[in-house]
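Undergrad: Pasting in a structure now, in structure tokens, and then I'll have a few things to ask.
There are 2 protein chains.
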Amino acid sequence: MSGVSHTQEEPWLRQDKELASASRYAQDRVSYEGQFAGKKVLITGGLGFIGSNLAMRLVELGADVLLVDSLIPDYGGNLFNVEPIKDRVRVNIADVRDANGMNYLVRGQDYLFNLAGQIGHIDSMCDPYTDLDINCRAQLSILEACRHNNPSIKVVFAGTRQVYGAPQYLPVDEKHILRPVDVNGINKMAGEWYHILYNNVYGIRALSLRLTNTYGPRLLMKHGRQGFVAWFIRQAMDNQEIQIFGDGHQLRDMNYVDDVVEAMLLAAVYEGANGRIMNLGNDPPVSHLEFVQTLLEVCQEHGMGHGGYRLTPFPPDKKRIDIGDYYADYGKIRRILGWSPRIGLREGLQRTVAYYAQHRDQYWERA
Amino acid sequence: MSGVSHTQEEPWLRQDKELASASRYAQDRVSYEGQFAGKKVLITGGLGFIGSNLAMRLVELGADVLLVDSLIPDYGGNLFNVEPIKDRVRVNIADVRDANGMNYLVRGQDYLFNLAGQIGHIDSMCDPYTDLDINCRAQLSILEACRHNNPSIKVVFAGTRQVYGAPQYLPVDEKHILRPVDVNGINKMAGEWYHILYNNVYGIRALSLRLTNTYGPRLLMKHGRQGFVAWFIRQAMDNQEIQIFGDGHQLRDMNYVDDVVEAMLLAAVYEGANGRIMNLGNDPPVSHLEFVQTLLEVCQEHGMGHGGYRLTPFPPDKKRIDIGDYYADYGKIRRILGWSPRIGLREGLQRTVAYYAQHRDQYWERA
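Line by line, the protein sequences give chains G and A. Each residue of the first sequence is one higher than the last, beginning at 46 in my numbering. Each residue of the second sequence is one higher than the last, beginning at 46 in my numbering.
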């Protein structure tokens, strides 16, 4: 027997070879505008932050949109999020953990934007089972529902940078090893892999976009357990003093929600995206401090943001699952889909603050 | 703000730095022999293949051993496996999915060898929920049980090479990207990461050994759904013709069970192993063909193995989750614990065949 070292032709490597030819798409964004007219589209987590923004765009594009959401009180679902399109979408209140319900709801759909999830990092440590049921088990049953009831559906999964854990190098590309630092990261990793597996093994076309911090109108603002962005915006608008943990130099890349919606639509229509995992991201990265300073300036233009900010030590429960600096290399999605973010931080924050200035009462009780 | 790229000091990197100093252990195996006397040891999957071999060694070392096993019919648990030590261990029939039971059973234990699992690759595709419940949910509840009832316990988790999927390069080291190709691989990946997470966040000392193909006495022989090794041995001993899928040149590294048991004992006593993930492995790798030829020679010495073998095409359900060649780089555990396998293939097969020649009726019905 020979000791020759050789590897199988493996999807990951094969994909990288394709990138060379895909690079012709790098100059031009894939076109999706005409492709959703009359199409049936299911969005899980459809009343949530990204789901509702996506729904508004899809309605604009002429799609027949069905929103599934469980409206779990502390999660992001909010009926007001779809107020502008409420007569042009169907809303079905259901939990993705209900396998029977999902078996029915996926039927006949052309696209599934699979955004329902438990996204609180700290919550996942306090209640790991709920996180498991939503981010693992329900994902499996959604994919089984597709496999048995609608195998020709195309699935776009909302993955997360959280699977990488603390970066070993920056910017983080998709070849970065996965070392999640909380239960949520582990379960999202499994949920993402189910999608790739069902694509590869059963031909259920699916892909994952690994989202980084996303912000914009319709973001959950009821509590601060889903990340610092919402909480900072709320405090700034309420003229409260913002507490920045650590020295404020920690770096993040942040996407305005419309850019994320566009990435999802591009990925949905482009067959070359099937089976792939692609980072979203933005450059340059911004520090917490820079984010807060920009936010306060934007708020002050609207007569708010008078609470300022201060630096404060990390609370222990947050520190132990903190990942330090993070920003992504999003070259892969740029090469494959021609996507790159278009909305800068200041403009994104201006739109966000303007939205909440008008609709604050629908999102939180004024301090 | 600066665009400087810098990373946090990260456990993975930190560990690699430690390896330089740990290399002084490379010459000498860590000593464990005196360290289990009078110690309370819990083994989940304790009536299974590896669990029972481990139990026999621990009894020899003077440990107070408690075996937990659910005896699910098609799994590896078999009361006969512990026949030689049945009066010197306690057996508690329980399912690791029973969180209340585990809450009680972990109390007062010094060590937990956490070996219970669903390990069939095809089974995991047919019934992904059971795989999820055992390999993810139950792992979480075992760790929660330790956290709340016995935080000073030391946990050795039986991980698997299955998390790597199809190798991108050979031999596969621990930095190889994880791309599992079946539900079992995904869930085992999550289960492993829960252990590392609970070590890092809650200080529940835990580590994972990524096992490759393991064989030896007490391996489940009732069916062929847990890998080719058991099935080939059974067919050879029954003088049936062995069917090798593909051209027979596919490579694997195989560990005799005593070597795996030793790795687990070393890892249990060595504090420097906490939080780590380490491959087991063997060299040189052997082809399926070489394995079968050696097996048939060994069987023929016992007057069996007259059925020979033939090459046959892969069945589609196996082909689509097949990973091609695999063998591990086990340099990390060699450096850290001084472990390397001691039993060669021929000797291991001789011991295995001798065991089943004596006890065949306890393991399968003769053809």
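Backbone N, C-alpha and C define an ideal beta-carbon position, used for all residues, glycine too.
1. Grouping DSSP H, G and I as helix and E and B as strand, with all else coil, what is G:Glu-55?
2. Is the separation between the beta-carbon of A:Asp-176 and that of A:Ile-366 shorter than 8 Å?
3. Would you say G:Glu-410 lies against chain A (beta-carbon separation less than 8 Å)?
4. Any idea which residues DSSP pairs A:Val-202 with across the strands?
5. Could you check what DSSP says for A:Met-309 in three-state terms: helix, strand or coil?
6. Could you pull out every residue in the same chain whose Cβ sits closer than 8 Å to the Cβ of A:Leu-382, ignoring the five residues on either side in sequence?
7. When you compare each of A:Ala-183, A:Val-86 and A:Gly-204 to A:Gln-154 by their alpha carbons, which one comes out closest?
8. Would you identify the three-state DSSP class for G:Val-226, choosing helix, strand or coil?
9. Cβ of G:Lys-363 less than 8 Å from any chain A Cβ?
10. State buried or exposed for A:Ser-68, treating a residue as buried only when at least 16 other CB atoms are found within 10 Å of its CB.
11. At least one CB of chain G closer than 8 Å to the CB of A:Ile-179: is that the case?
12. Taking the alpha helix (DSSP H) that G:Arg-380 belongs to, which residues open and close that run?
13. Is any beta-carbon of chain G found at less than 8 Å from that of A:Gly-48?
14. Just verifying my parser: in three-state terms, what is the DSSP assignment at G:Val-343?
15. Is the segment 180–200 of chain G close to the segment 217–234 of chain G, with three or more CB pairs under 8 Å?
16. Would a C-beta distance cut-off of 8 Å place A:Phe-290 and A:Leu-252 closer than the cut-off?
17. Using the C-alpha atoms, what's the distance from A:Ser-186 back to G:Asp-298?
18. State the DSSP-derived secondary structure class of A:Gln-288, mapped to helix, strand or coil.
19. In angstroms with no decimal places, state the Cα-to-Cα distance between G:Gly-352 and G:Arg-379.
20. Can you name the residues of chain A whose CB is closer than 8 Å to the CB of G:Ile-231?
21. Could one say the Cβ of G:Val-223 lies closer than 8 Å to chain A's Cβ atoms, at least one of them?
22. So what's G:Met-282 in DSSP terms, helix, strand or just coil?
23. By alpha-carbon positions, which one of G:Tyr-260, G:Gln-395, G:Cys-344 and G:Lys-363 ends up nearest to G:Ile-28?
24. Pick from A:Leu-394, A:Pro-225 and A:His-347: whose alpha carbon is nearest that of A:Val-302?
25. Measure the alpha-carbon distance for A:Lys-131 versus G:Arg-255 and round it to whole angstroms.
26. Would A:Asp-119 and A:Lys-267 qualify as a contact pair, given that the criterion is a beta-carbon distance under 8 Å?
27. For the alpha helix (DSSP H) that contains G:Asn-194, what are its first and last residues?
28. Determine which residues of the segment 164–177 of chain G have a Cβ less than 8 Å from any Cβ of chain A, and write them out in chain order.
29. Within 8 Å (strictly less), CB to CB, does G:Asp-143 reach chain A?
30. Of the choices G:Ala-373, G:Tyr-400, G:Ala-412 and G:Arg-396, whose alpha-carbon is the least far from that of G:Leu-215?
31. Which class does A:Val-75 belong to by DSSP, given the choice of helix, strand or coil?
32. State the Cα-Cα distance for the pair A:Cys-488 and G:Tyr-400, rounded to the nearest angstrom.
33. If we ignore side chains and look at the alpha-carbon of each, how far apart do G:Met-46 and A:Gln-184 end up?
34. Can you tell me whether DSSP reads G:Gln-60 as helix, strand or coil?
35. Would A:Asp-227 pass as an interface residue toward chain G - the criterion being a Cβ-Cβ separation below 8 Å?
36. For A:Leu-185, which residues in chain G fall below 8 Å Cβ to Cβ?
TA: Answer, in terms of the structure:
1. The residue given as residue 55 of chain G occupies position 10 in the first sequence. Caution applies to G:Glu-55, whose pLDDT of 36 falls short of 50 and renders its modelled position unreliable; the model cannot decide the point.
2. On the second sequence, residue 176 of chain A is found 131 positions in, with the first residue counted as 1. On the second sequence, residue 366 of chain A is found 321 positions in, with the first residue counted as 1. Cβ distance not < 8 Å, so A:Asp-176 and A:Ile-366 don't count as in contact.
3. In the first sequence, counting from the first residue as 1, residue 410 of chain G sits at position 365. G:Glu-410 does not count as touching chain A.
4. On the second sequence, residue 202 of chain A is found 157 positions in, with the first residue counted as 1. Looking at the sequence shown, residue 202 of chain A is not Val but Phe. In DSSP, A:Phe-202 forms a bridge with A:Asn-159 and A:Ser-253.
5. The sequence position of residue 309 of chain A within the second sequence is 264, counting from 1. Of the three classes helix, strand and coil, the one that applies to A:Met-309 here is helix, per DSSP.
6. What you label residue 382 of chain A is simply residue 337 of the second sequence in a count that begins at 1. Within the same chain, A:Leu-382 has close Cβ partners Tyr-70, Arg-74, Val-75, Ala-308, Leu-311, Ala-312, Tyr-315, Ala-318 and Met-323.
7. Residue numbering aside, residue 154 of chain A sits at position 109 when the second sequence is read from its first letter. For the residues A:Ala-183, A:Val-86 and A:Gly-204, the minimum Cα distance to A:Gln-154 belongs to A:Val-86.
8. Translated into the one-based positions of the first sequence, residue 226 of chain G becomes position 181. Coil.
9. In the first sequence, the residue the question calls residue 363 of chain G occupies position 318. Not an interface residue.
10. What you label residue 68 of chain A is simply residue 23 of the second sequence in a count that begins at 1. Model confidence at A:Ser-68 stands at a pLDDT of 44, short of 50, so the residue's coordinates are unreliable; what they give is reported in the following sentence. Exposed: under 16 other Cβ atoms inside 10 Å.
11. Position 134 of the second sequence, counted from the first residue, corresponds to residue 179 of chain A. So, not an interface residue.
12. For the purposes of this step, residue 380 of chain G is identified with residue 335 of the first sequence, where counting begins at 1. Its alpha helix (DSSP H) spans residues 376–382.
13. Position 3 of the second sequence, counting from 1, holds the residue named residue 48 of chain A. Residue placement at A:Gly-48 is poorly supported in this model, since its pLDDT is 35, which falls under 50; the coordinates are not used for a value here.
14. Start at 1 with the first residue of the first sequence, and residue 343 of chain G comes out as number 298. Helix.
15. yes
16. Mapped onto the second sequence, residue 290 of chain A falls at position 245. Mapped onto the second sequence, residue 252 of chain A falls at position 207. Against a cut-off of 8 Å, the Cβ pair of A:Leu-252 and A:Phe-290 comes out as no contact.
17. The residue labelled residue 298 of chain G in the question sits at position 253 within the first sequence. The residue labelled residue 186 of chain A in the question sits at position 141 within the second sequence. Computed Cα separation, rounded: 35 Å.
18. Translated into the one-based positions of the second sequence, residue 288 of chain A becomes position 243. In the structure shown, A:Gln-288 sits in a strand (DSSP, three-state: E or B).
19. Stepping through the first sequence from its first residue, residue 352 of chain G is reached at position 307. Stepping through the first sequence from its first residue, residue 379 of chain G is reached at position 334. Between G:Gly-352 and G:Arg-379, the C-alpha separation is close to 39 Å.
20. Locating residue 231 of chain G in the first sequence gives position 186, counting from the first residue. Going along chain A in sequence order, the residues near G:Ile-231 (Cβ under 8 Å) are Ala-235, Trp-238, Tyr-239 and Leu-242.
21. In the first sequence, the residue the question calls residue 223 of chain G occupies position 178. A small correction: the amino acid at residue 223 of chain G is Leu; Val does not occupy that position in the sequence shown. Closer than 8 Å to some Cβ of chain A, the Cβ of G:Leu-223 qualifies, so yes.
22. Position 237 of the first sequence, counting from 1, holds the residue named residue 282 of chain G. In the structure shown, the three-state DSSP call for G:Met-282 is helix.
23. Here chain G comprises residues numbered 46 to 412, so residue 28 of chain G is not present and cannot be evaluated.
24. Stepping through the second sequence from its first residue, residue 302 of chain A is reached at position 257. It is A:Leu-394 whose Cα lies nearest to the Cα of A:Val-302.
25. Numbered from its first residue, the second sequence carries residue 131 of chain A at position 86. Numbered from its first residue, the first sequence carries residue 255 of chain G at position 210. Approximately 51 Å, taken between the alpha carbons.
26. One-based indexing of the second sequence puts residue 119 of chain A at position 74. One-based indexing of the second sequence puts residue 267 of chain A at position 222. Yes, the pair counts as a contact, with Cβ atoms nearer than the cut-off.
27. Counting from 1 along the first sequence, the entry for residue 194 of chain G is found at position 149. Run containing G:Asn-194: 183–194, per the alpha helix (DSSP H) assignment.
28. Met-170, Pro-173, Tyr-174 and Leu-177
29. The count along the first sequence starts at 1 and reaches residue 143 of chain G at position 98. Not closer than 8 Å to any Cβ of chain A, the Cβ of G:Asp-143 fails to qualify, so no.
30. Taking the first sequence and counting its residues from 1, one reaches residue 215 of chain G at position 170. When only C-alpha atoms are compared, the closest one is G:Ala-373.
31. For the purposes of this step, residue 75 of chain A is taken as the residue at position 30 of the second sequence. Residue state, collapsed to three classes: coil.
32. What is shown of chain A runs 46 to 412, which leaves residue 488 of chain A out entirely.
33. On the first sequence, residue 46 of chain G is found 1 positions in, with the first residue counted as 1. On the second sequence, residue 184 of chain A is found 139 positions in, with the first residue counted as 1. In this prediction, G:Met-46 has a pLDDT of 33, which is less than 50 and means its spatial position is unreliable; what the coordinates show is noted afterwards. Approximately 40 Å, taken between the alpha carbons.
34. Here residue 60 of chain G refers to the residue found at position 15 when the first sequence is read from its first residue. Here G:Gln-60 scores only 46 on pLDDT, less than 50, and its place in the model is too uncertain to base an answer on.
35. The count along the second sequence starts at 1 and reaches residue 227 of chain A at position 182. Yes, because at least one Cβ of chain G sits closer than 8 Å to the Cβ of A:Asp-227.
36. The count along the second sequence starts at 1 and reaches residue 185 of chain A at position 140. Under the 8 Å cutoff, chain G gives Pro-173, Tyr-174, Leu-177 and Val-228.
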